[in-house]
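Residue numbers are given in our numbering: position 50 of the sequence shown equals residue 169, and the series is strictly consecutive.
For every residue, glycine included, the Cβ atom is placed at its ideal position computed from N, Cα and C.
Since the structure comes first, as C-alpha cells, the remarks are kept for the end.
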Amino acid sequence: MTEITIDTAQNVAINFKAASLGERILAFAIDMLLKFSYAIAMYFLLFKVFNFGRILNSLDGWEANSILFFIYSPVVFYTLFFESWSNGQTPGKRMMKIRVVKIEGYQARFSDHLSRWISRLFDINISMGLPAMLCIIFSNKSQRLGDIVTDTTVISLRSNVNLSHRFLSDLSTEYIVTFPTVVRLSDYDMNIIKKAYKTALMQKDHQMINQLILKIEEVTSVKNQYSDQNKFIQTIINDFNHLTSN
C-alpha cells in the first residue's frame with residue numbers, strides 16, 4: 120500500500136496510507152449498487168405502480184426527457200453530491216473507510232469535487248475504468264486522472280498516522296479520523312480550545328461555542344457539518360488527539 124506524506128501548515132509531516140485499488144473498486148461497486156437500486160426502484164414505482172409512462176407519452180420528446188433527467192438526476196450527480204457534502208466520502212467510500220483529500224493537506228473544495236466528477240466521464244465511464252486503474256497503479260500517489268487534475272488523492276482512514284510530534288491520547292487505535300487537517304492546530308491551540316470549550320459548557324455560553332467553531336473552521340479549513348455543535352468540537356478534539364498520539 121502506497122504511503123503519502125502531507126505537509127501541513129504547522130510543518131507537521133503526516134504519513135497516510137493511500138487507499139488501495141481494491142478498496143476503491145469495492146467502494147465504486149457499492150456506490151454503483153446503490154445507484155442501480157435507486158434507478159430500479161424509481162422505474163418500478165413510477166412506471167409499474169403509477170403508470171407514469173402514459174403521462175410521458177402525452178408529452179413531446181424534450182419535455183419527456185427533461186422529466187426523466189430530473190427523476191434520475193440523483194444517479195447522475197450522486198458522486199458529486201456526496202463527496203462535496205460529506206467531506207470527500209460517498210456511501211461506498213464511507214463503508215470502505217476511505218476519503219478524498221488534497222495532497223497539500225487542505226480539505227477538498229467543491230471545485231475539486233466538480234473537476235473529479237467531470238473527469239470520471241473520461242477515465243471511468245467511457246473507458247470502463249481502465250485508464251483510472253492504470254493511473255492509480257502507476258502513480259506514486261495513487262491518483263487517477265481526476266485526482267491528478269485537482270491534486271487530490273484517496274486515503275485510507277483505517278491506517279495509523281505517524282506525526283513528527285506527540286500528544287497523549289487514550290483513543291482506540293481503531294478510531295476513524297473525520298477531519299485530518301486538525302493537525303494545523305498546535306498543542307497550544309488545542310489546549311486553548313479545550314479550556315474554552317470546558318468553560319463554555321460550564322457557563323452554557325452558546326456564543327462562545329459559536330466563536331470557537333468559527334475559529335476552528337478558519338484555521339483547519341473544515342466546515343461544521345453536524346447539527347450538534349458539541350459533536351463537532353468533540354470530534355475535532357478526538358481527531359487531534361488521535362493524529363498526534365503514538
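Assuming T271 and K221 form a contact by the criterion Cβ under 8 angstroms, report the distance between their Cβ atoms to the nearest whole angstrom.
For this step, residue 271 is matched to residue 152 along the sequence shown. For this step, residue 221 is matched to residue 102 along the sequence shown. Going by Cβ atoms, the distance from T271 to K221 rounds to 6 angstroms, so yes, they are a contact pair.
Beta-carbon proximity list for Y157, same chain, < 7 angstroms, skipping 5 on both sides
In the sequence shown, residue 157 corresponds to position 38, counting from 1. Cβ neighbours of Y157 beyond the five flanking positions: P193 and V194.
Among all the DSSP beta bridges, which residues are the ones paired with I274?
Position 155 of the sequence shown holds residue 274. DSSP, once it has assigned bridges, lists A137 and R218 as partnering I274.
Once the 5 residues before and after M161 are set aside, which same chain residues still bring their CB inside 8 angstroms of it?
As a first step, residue 161 is located in the sequence shown; it is residue number 42 there, counting from the start. Hits under 8 angstroms: I190 and Y191.
Kindly indicate which residue of E337, N329 and L362 has the alpha-carbon position closest to the one of K350.
As a first step, residue 350 must be located in the sequence shown, where it is residue number 231. It is N329.
DSSP three-state label for L187, please.
The residue given as residue 187 occupies position 68 in the sequence shown. Three-state result, L187: helix.
For D150, is the classification buried or exposed, using 16 other Cβ atoms within 10 angstroms of its Cβ as the cut-off for buried?
Translated into the one-based positions of the sequence shown, residue 150 becomes position 31. D150 is buried by the Cβ-count criterion.
Please name the residue, chosen from L187, S275 and A183, that lies closest to G141 on a Cα-to-Cα basis.
Start at 1 with the first residue of the sequence shown, and residue 141 comes out as number 22. Checked all of L187, S275 and A183; the closest Cα to G141 is S275.
Indicate whether at least one CB of chain B lies closer than 9 angstroms to the CB of Q326.
The structure shown contains no chain B; it is built from a single protein chain.
Opening and closing residue of the alpha helix (DSSP H) in which T198 lies
Taking the sequence shown and counting its residues from 1, one reaches residue 198 at position 79. Y197 to W204 is the extent of the alpha helix (DSSP H) around T198.
The alpha helix (DSSP H) with L253 in it runs from where to where?
Along the sequence shown, one-based indexing puts residue 253 at 134. L253 -> alpha helix (DSSP H) spans L249 to F257.
In whole angstroms, give me the CA-to-CA distance for A148 and E182.
Translated into the one-based positions of the sequence shown, residue 148 becomes position 29. Translated into the one-based positions of the sequence shown, residue 182 becomes position 63. The alpha-carbon atoms of A148 and E182 are separated by roughly 32 angstroms.
Within 10 Å of its beta-carbon, does Q208 have 16 or more other beta-carbons around it, so buried, or fewer, so exposed?
As a first step, residue 208 is located in the sequence shown; it is residue number 89 there, counting from the start. With 16 or more other Cβ atoms within 10 Å, it is buried.
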